[in-house]
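Data first, discussion second: the structure below is written as structure tokens.
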Amino acid sequence: MTQALVKRPLLNTRGIIFLCVLAAVAFGVPYLNGAGALPDYAVSLIGKYLCFALLAIALDLLWGYCGILSLGHGAFFALGGYAMGMHLMREIGDRGVYANPDLPDFMVFLNWQELPWFWWGFDMFWFAALMALFVPGLLAFVFGWFAFRSRVTGVYLSIITQAMTYALMLAFFRNEMGFGGNNGLTDFKDVLGFDLQSQDTRIGLMMLSALAVAIGFLICRAVVVSKAGKVIVSVRDAESRARFLGYRVEGYKLFVFVLSGMLAGLAGALYTPQVGIINPGEFSPANSIEIVIWVAIGGRGTLIGAAIGAILIAAAKTVLTGLYPEAWLFVLGGIFVFVTIFMPRGVLGVWDSMVDEMWRLRGMNPRERRLKA
Amino acid sequence: MNAPSKNIEPGSGSEHAQKPSLLALDGVTRSFDGFKAINGLTLTIEPGELRAIIGPNGAGKTTMMDIVTGKTRPDGGTVQFDGHDMTRKDEADSARLGIGRKFQKPTVFETHTVEDNLLLSLRDDRSVFGTLFSKSDPAGRIAELLALIRLEDRRLDLAADLSHGQKQWLEIGMLLAQDPKLLLVDEPAAGMTDEETARTAELLRSLAGDHAVVVVEHDMEFVRQLDCKVTVLHQGAVLAQGPLETVSANEQVVEVYLGR
Amino acid sequence: MLRMFRSVIAFVGLLQLAMLVPAHGQANDDAALRGEIARLAEADFRGVEAVVQSLASTGDPAVTSVLRALRSGDVYWRKSDKLVVIGEKAPGRSLLLTDPLTGEEIETVKKRETKKVKVNNTLRNAIDAALGGLTLRASDPAIRMQAAAQMFAKPEPKALPALDAAIAAESDPDVASAMRDARAVLILKSSEADKADALDAIARMVARGDAEARNALASITSDDAEITEGAALGIEKIDTSLRYWGYGQNIWQGISLGSVLLLAAIGLAITFGVMGVINMAHGELVMIGAYTTFAVQEFIRNSAPGLFDTSLFIAAPLAFLIAGTVGICIERGVVRFLYGRPLETLLATWGVSLILQQAVRTIFGPNNREVGNPSFMSGAFELGGLTITWNRLWIVIFALVVFFALMFVLKRTALGLQMRAVTQNRAMAADMGIRTGWVDAMTFGLGAGIAGLAGVALSQIDNVSPNLGQSYIVDSFMVVVFGGAGNLWGALAGAFTLGIANKFLEPFSGAVLAKVLVLIFIILFIQKRPRGLFALKGRAVDA
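Protein chains in written order, with the working numbering: chain A, 95 to 467; chain B, 197 to 456; chain C, -13 to 529.
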């Protein structure tokens, strides 16, 4: 009698709790807002955190499972944000300062006569939405194809991803690029006919973000529990062994990189309408590294931990920069140091060890318990 | 410097063989920053053959395996495996064509269970989307392998928790799961107890026949236990070849091993 | 060298001219001059021109002030007695009259009691030429040099006789050469110069070979085919040489940028190469060096301003020590716990960089701080067709000195030996009795100290702000990645290659795009050679 192979379920207990919490946020926040218990701005703020959570999940899939530390994930996020921002700019139409029906204000200001070709089609929402996924995906594909094929790994890869986002930042700062230069894209009016300033739209966007986090989580989780997910972890742990078993490591890395880049782009696309601006600062290397610390603090290789980490840090940033703006970088820097030295497995990792310890005290093998969970 | 004598045993070259050789290296060279790691290496392995390759440090053993598995490109010469030109392949190709390679340091997937390690090694669709939507459940085959490598009761343990010897066995099990035509084994006896060494030699002998097995080894006792044809590498070329007794009587070999 | 000497002289001359001190002795014949000047009253344009010519022909510097005044329309004659004077506007529509030669005040009169000596453009040009001719005979060679240069820049063919006379009288060979240059331009400008002279002039301009010479040739209008052809050929020659000088200038700027990158990157190359540690706080150590310089200068300004020129000699060792100490603290406090986990090290040191940045912002404020150049680092000189600023030159020299000093430390000292031992085989080194922990701390400290030195250099060419480190960190990583980690020669080659590539791209694409292109180039390059330009090859690195 042979034992059946152990298969990890798409949704374990923790995953179900996570989705329930998401649902509670998606429906509870509007309720609390309606009841007056939450100020209006908090809704958009929570929506923004949810975008960060999705971004963190995307990076965790790449770093936590495949071992590729991208220091340039902000680039995919920003590209998604720009794609959506371009649509929102076109939606302004002739309501801009210069009342030009075709050209966004900054182009009129720069004396441009016609819309550059790469702005074509962005008046259509579906096209912009597609581009918000496609462009980051394409960048991830091209970059990853070159990098993985020549076996650039480890810190080298991290550094060139940083160079990638840095180069994009410099490029987007230029007015000639046609993306609004320094100021980026802003002054949006509405999306699909809904007024971006109205609270209802904001609630809708926040709920949409929660949905996106849920979908992103499920996609990543599905990849992780599949056999491909096991291969991906194998690539992280013993890349050459995976190669000598006949797995084309580049292909797996590329798959994860592109998927992760697209999810980051989706997060960016949801982020732009909620904060009302997208500018080249989103490409800055510092932003990208901050994403990494979200994942690290939550616990990499857990997906849910990444989301928790993102929300924790982003909320701490909101609170602290409001109360003691001087202190924030000290705190953030301290978190980087503390987490890497004392909590390499992050919050969720610490929680897991505690639970394991508890089971061990009760005389059960924690690993077997977890495998069955 | 003595010119390396190619073949002590006449008639073993590929040009005389009746059936085509499984692996044939001909005049292979490869240098790193001017240092010739492999220098005109010519070597053939027949299907099902068990072969030990010995040589002092820097003789080019590891580089030779790197070249055969497509990890390193030779500067010159030809490498044929089972009718394929290996100089244009990479590691994944070599694995898919039927070359299994065991590293000197046991290399298994430490954060996977023993079961998953074997699952990932079994012959199956290796493509991204193939594995993404894989429905295969080869529980029976995995149970057989577990029995062979005597790790049945460690099935759900993480590979990281295995002992050194058990990891070596798991890695061998993973190679067998690949069902390769050629097994390249790098110092399998390193770090093993005498008993484990003997068992490993026995296992490798039993595998020969179904698979060609090439063992790179330092440990002469282990080579003796393998009881097979021995090739001595020196400075990137074949110095001597034949049964262990013949080879160990060869003056050049003695000189190389004992220092000049 | 000659060119450089000349420009210094010209500079001194300019100062003296600005003060308008007549350098010559007293006029030889005051009365004759006054007679000429008196003719300005009631003169028409032609009459005025005649006066200007005759005044100029005296070669007496005393007439410069009246010519200048004439040119700016400040010469008047009193209606009552036709006395020619210089008038200066005074309150209430009146004029303060002064003597045209001595400058003594005469009286203040209503404007309507005088009449202005009118000048037109033709006259102004004649006056300019006359003035040029006059200063050509000044006793101070610097002023003569300046005059020649002015004549070169604003050629007036009518001044040719005066110039010829000046050349004949000139004793200083440099000034004479400048005058001959000017003469060549005058000849090229004039329509009646003879052909041999014109060809000589063309040859002279080609020999001079700068942009002004090219303009002079380009402005030739002649019917003679030989002359126009010669000029065209000359222009071509000059263009070619100018282009090469342009390349030279690009290379120099690239070397200058490269030396900055080198300084920023070699410390990184050490920590990465020897210890495999990516130190993201490296840029902040550079910043600390720059702020050390700032603090030292502030202190000197407040307590011993006379020592300002020595500020860098005090700041450099201090910056090395401070940054090095901070580096050792980082190593002992953070990095030590993370060996073998390069990605975590990267994150932790990034955290340190944030803390250091904010600390500096809190102490020194968020704004740019200006660090002064000591006198020996100010200004520029010309070398052939190159303009080289002293601060850049010193930084290149400094970078190379630091580079070779570091090379020496690594190759010839006990610490260097131990460092290399630890790089090659940590476990073995430990077994040999090397205190690897101590070596790690010292290595990190050394790398950090060099970052501090880089900060001292950077403070001389860039603003000192809390973001200083951030703006160099990506670039210095690129240098290390491009050159090959852990190889100092790689860092050297990488820094200069990237610096020069950047500066060559800039004219075509602009500074930002050049940087983007270089980054893209590196990203592509690393595909070909994932371990950099000077990486070790072989199977050892794949382990």
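Each residue gets a CB set at the ideal place from its N, CA and C atoms; glycine is no exception.
- Interface annotation for the stretch 293 to 327 of chain A against chain C: empty, criterion Cβ-Cβ distance under 7 Å.
- Nearest CB-CB separation between B/His414 and chain A: not below the 8 Å threshold.
- A/Cys314 counts as buried, since at least 16 other C-beta atoms from the protein chains shown sit within 10 angstroms of its C-beta.
- Rounded to the nearest whole angstrom, the CA to CA distance from B/Leu328 to A/Ile326 is 10 Å.
- For A/Pro419, there are no C-beta contacts with chain C under 7 Å, since the nearest C-beta of that chain is about 10 Å from it.
- Not flagged as an interface residue toward chain A: B/Leu379, since no C-beta distance is shorter than 8 Å.
- At a C-beta separation below 7 Å, A/Thr434 has these neighbours in chain C: Leu324, Glu330, Leu333, Ala334.
- According to DSSP, B/Gly296 shares a beta bridge with B/Leu379.
- Not a single CB atom of chain B sits nearer than 8 Å to the CB of A/Phe240.
- Inclusion of A/Met178 and A/Ala363 in the CB contact set at 8 Å is warranted, their separation being smaller than that value.
- Under the 10 Å beta carbon count, A/Leu286 is surrounded by fewer than 16 other beta carbons and is classified as exposed.
- Within chain A, the residues whose beta carbon sits less than 7 Å from that of C/Met464 are Ala257, listed in sequence order.
- Residue-level contact check: C/Gly313 does not touch chain A, since none of the beta carbons of chain A fall below 8 Å from its beta carbon.
- Under the 8 Å criterion on CB atoms, A/Ser334 is classed as interfacial with respect to chain B.
- Within the stretch 303 to 320 of chain B, contact with chain A at the beta-carbon level (separation under 9 Å) is assigned to Thr303, Val304, Phe305, Glu306, Thr307, His308, Thr309, Glu311, Asp312, Asn313, Leu315, Leu316, Ser317, Arg319, Asp320.
- Residue pairing by DSSP places B/His430 opposite B/Ala433 in a beta bridge.
- When the beta-carbon positions are compared, B/Gly296 and B/Pro384 stay at least 8 Å from each other.
- Residues of the same chain with a CB within less than 8 Å of the CB of B/Ala394, apart from the 5 flanking positions on each side, are Gln421 in chain order.
- Your pair A/Trp213 and A/Met263 does not check out as a contact, with CB atoms roughly 20 Å apart and the cut at 8 Å.
- A distance of 8 Å or more separates the beta carbons of C/Leu172 and C/Ser462.
- Identification of residues in the stretch 385 to 404 of chain A having a C-beta nearer than 9 Å to some C-beta of chain C yields Val386, Ile387, Ala390, given in sequence order.
- At least one beta carbon of chain A lies nearer than 8 Å to the beta carbon of C/Thr348.
- Contact between C/Leu342 and C/Ile274 holds, since their C-beta atoms are separated by about 7 Å, short of 8 Å.
- Bridge pairing for C/Tyr62: C/Val71, C/Lys102 [DSSP].
- In this structure, the alpha-carbon of C/Leu403 lies about 12 Å from that of C/Leu392.
- In this structure, A/Gly395 lies away from A/Ile151, with their beta-carbon atoms at least 8 Å apart.
- The distance from the Cβ of B/Ala445 to that of B/Pro243 is about 29 Å, inconsistent with a contact at the 8 Å cut-off.
- Taking a 10 Å sphere around the C-beta of B/Asn313, we find 16 or more other C-beta atoms and assign the residue as buried.
- Annotation: C/Lys144 is outside any beta strand (DSSP E) and is labelled neither H nor E by DSSP.
- For the stretch 97 to 124 of chain A, the set of positions with a beta-carbon nearer than 8 Å to some beta-carbon of chain B reads Gln97, Ala98, Leu99, Val100 in chain order.
- Cβ-Cβ distances below 8 Å link B/Tyr453 to Pro252 in the same chain, with the five nearest sequence neighbours on each side left out; the list follows chain order.
- Within the stretch 256 to 269 of chain B, contact with chain A at the beta-carbon level (separation under 7 Å) is assigned to Thr265.
- Annotated as proximal: A/Leu299 and A/Gln368, with beta-carbon spacing under 8 Å.
- In this structure, B/Leu341 places its C-beta atom within 8 Å of the C-beta atom of B/Ala373.
- When Cβ-Cβ separations below 8 Å define contact, C/Val272 makes no contact with chain A.
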